[in-house]
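Participant: Read in order, the letters of the sequence shown correspond to residues 101 to 486 in our numbering. For glycine and all other residues, C-beta sits at the position ideal for the given N, C-alpha and C. Keep in mind the model is a prediction, meaning the values are calculated, not measured.
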Amino acid sequence: MIGTVRVLHQSPAVAGQFSSELESLDWEAATSQHVEATEADVRRALAKPKRDINDFVALISPAAKPFLNDMLKQSERLTQQRFGNTVSLFAPLYLSNTCANECTYCGFSMSNAIKRLTLDEQQVQREIQAIKKKGFDHILLVTGETKKVSMPYFERMLPLFKPAFSQLSMEVQPLEQDDYAQLKELGLDGVLVYQETYRRSTYLEHHLRGNKSDFNHRLDAPDRIGQAKVHKIGLGVLLGLDDWRTDSIMMAYHLRHLQKRYWRSRFSVAFPRIRPCAGGIQPKSVISDLELVQLIAAWRLFDADLEMSLSTRESAEFRNHAARMGFTTMSAESKTQPGGYADDAQEALEQFEVSDERSVVEIANAIRAQGREVVWKDWDISLNLT
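1) Taking 7 Å as the limit between beta carbons, can you name the residues of its chain near residue 470, skipping five residues before and five after?
2) Can you give me the C-alpha to C-alpha distance between residue 147 and residue 399, rounded to a whole angstrom?
3) With distance defined between alpha-carbon atoms, name the residue in 178, 229, 271 and 313 nearest to residue 200.
4) Fully enclosed by the region 341 to 395, which alpha helix (DSSP H) runs are 4 residues long or longer?
5) Rounded to whole angstroms, how far is the Cβ of residue 373 from the Cβ of residue 340, which I believe are closer than 8 Å?
6) Going by the beta-carbon positions, is the gap between residue 426 and residue 396 smaller than 9 Å?
7) When burial is assigned at 16 or more other CB atoms within 10 Å of the CB, is residue 344 buried or exposed?
8) Tell me, to the nearest whole angstrom, how far the beta carbon of residue 317 is from that of residue 111; I am working on the premise that it is less than 8 Å.
9) What residues are listed by DSSP as bridge partners for residue 412?
10) Using DSSP with H/G/I as helix, E/B as strand and the rest coil, what is residue 219?
11) How would you write the range of the alpha helix (DSSP H) that residue 119 sits in, first residue to last?
12) Decide if residue 394 is buried, meaning its Cβ has at least 16 other Cβ atoms within 10 Å, or exposed.
13) Nearest to residue 387 by alpha carbon, out of 368, 367 and 414?
14) When the distance is taken between beta carbons, is residue 134 closer than 9 Å to residue 160?
15) Scan the region 258 to 342 and note each continuous alpha helix (DSSP H) run of 4 residues or more that stays entirely inside, going in chain order.
16) Do you know whose CA, among 205, 337 and 322, lies nearest residue 117's CA?
17) Note the first and the last residue of the continuous alpha helix (DSSP H) segment covering residue 462.
18) In three-state terms, what does DSSP make of residue 442?
19) From residue 90 to residue 401, what distance separates their C-alpha atoms?
20) Among 477, 195 and 432, which one has its Cα closest to the Cα of residue 466?
21) Could you name the residues of the same chain whose beta carbon sits closer than 8 Å to that of residue 262, not counting the 5 residues immediately before and after it, in chain order?
22) Return helix, strand or coil for residue 130, following the three-state DSSP convention.
23) Locate the alpha helix (DSSP H) running through residue 178, then write down its first and last residues.
24) Counting C-beta neighbours from all protein chains within 10 Å, is the total for residue 438 16 or more, i.e. buried, or is it exposed?
25) For residue 281, tell me which candidate among 311, 348 and 331 has the shortest Cα-Cα distance.
26) Excluding the five sequence neighbours on either side, which residues of its own chain have a C-beta within less than 6 Å of the C-beta of residue 291, listed in chain order?
27) Three-state secondary structure (DSSP) at residue 432?
28) In terms of residue numbering, what span does the beta strand (DSSP E) encompassing residue 195 cover?
29) Go to residue 142, then tell me how far its beta strand (DSSP E) extends in each direction, as first and last residue.
30) Name the two residues that bound the continuous beta strand (DSSP E) containing residue 249.
31) Could you tell me which residues DSSP pairs with residue 202 in its beta bridges?
32) On the premise that residue 130 lies in contact with residue 163, defined as a C-beta separation below 8 Å, what is that separation, rounded to the nearest angstrom?
33) Between which two residues does the alpha helix (DSSP H) harbouring residue 114 extend?
34) Indicate the three-state DSSP secondary structure (helix, strand or coil) for residue 245 in the structure shown.
35) For a test of the three-state rule: what should DSSP assign to residue 477, helix, strand or coil?
36) Using only the alpha-carbon positions, how far apart do residue 409 and residue 459 sit?
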């Protein structure tokens, strides 16, 4: 496929940023490492009080599957020690499904013949009112990637949200350092930029047109977010685009790179699996429920301070056990189309299908049934170090 598509200009690797470090990491060697991991490697990793990337490789390897119960026990203990008995709930708000990218796995891809909608100020106010009625105090703003929905639009919209919500995060197109700094002044608390996959050849297979086809520019966005001193940086890969274990190893290197340089920021990871969508693809590397649980526990054992988020892509049954796996944050009653929360929302295509369609009340009750308390506020701005 890649030989038949036009690949846009690729930004050069930047010295001191992760694009430069990734050039020294060998995908095939990392794959061999998790394939060849042994039971002794797993036992050694489980016995250590602090774990490095080699230990993480062992814990996500096939050799660790028999140790899943031990991993879960340690994961739950570490999560409670660090985060207490709480789970934070947030709502994703899709501001626009307009997109200038062509991505094989996304319903917003520009070639999909769908109704496009970008919310204006009046529509945003209706969404705010509808979301606040559900109890949320933490919101994640999501858009497609296009010039129409860029800094001028964000500068108009963020002031509408900040008075209504204690925490404001964004998952939008990669921006420049000065842009992130400006949005921080307008009340932005966190930014999520998912790399989708760290394997360049696979990335270019699935990002056919648009600015998102620039692998290095996206890869270095978390560095620019850290340089702008944004409070929280979120990472993620789309599990299934390539070998999920090797992608997770590369993300572990990325996390450590960022933590060394931007230690004042908090960090989170998410675990999206490929879900059905218009024009979507089948996963190249299927990750089962048990393997996903193993991956989640391994991340907690790798980093006890890491925030971990679970979306409504997953089933209600799976999410009912989220707190015990080590998750600290969950979305609830998500609408993945623009205008989805207001009663008079116009019909528009969703980005992907939601699996857990329960109400906020039902999800909150399920969390309490696990002996956890629901938290609506993610962070208090007065605790910021910067």
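Facilitator: In brief:
1) 423 and 424
2) 16 Å
3) 313
4) 344 to 361
5) 6 Å
6) yes
7) buried
8) 4 Å
9) BP columns for residue 412 are empty, so no partner.
10) coil
11) 118 to 122
12) buried
13) 414
14) yes
15) 277 to 285, 300 to 306, 315 to 319 and 321 to 327
16) 322
17) 460 to 469
18) coil
19) Not covered by the structure: residue 90. The range shown for the chain is 101 to 486.
20) 432
21) 268, 286 and 287
22) helix
23) 168 to 183
24) buried
25) 331
26) 270, 325 and 330
27) coil
28) 186 to 196
29) Taken as a continuous stretch (DSSP letters only), residue 142 belongs to no beta strand (DSSP E), being part of the alpha helix (DSSP H) at 139 to 147.
30) Counting along the chain, residue 249 falls outside any beta strand (DSSP E), and DSSP gives it neither H nor E.
31) 309
32) Contact flag wrong, Cβ pair sits at about 15 Å.
33) No alpha helix (DSSP H) contains residue 114, which DSSP labels as neither H nor E.
34) coil
35) coil
36) 18 Å
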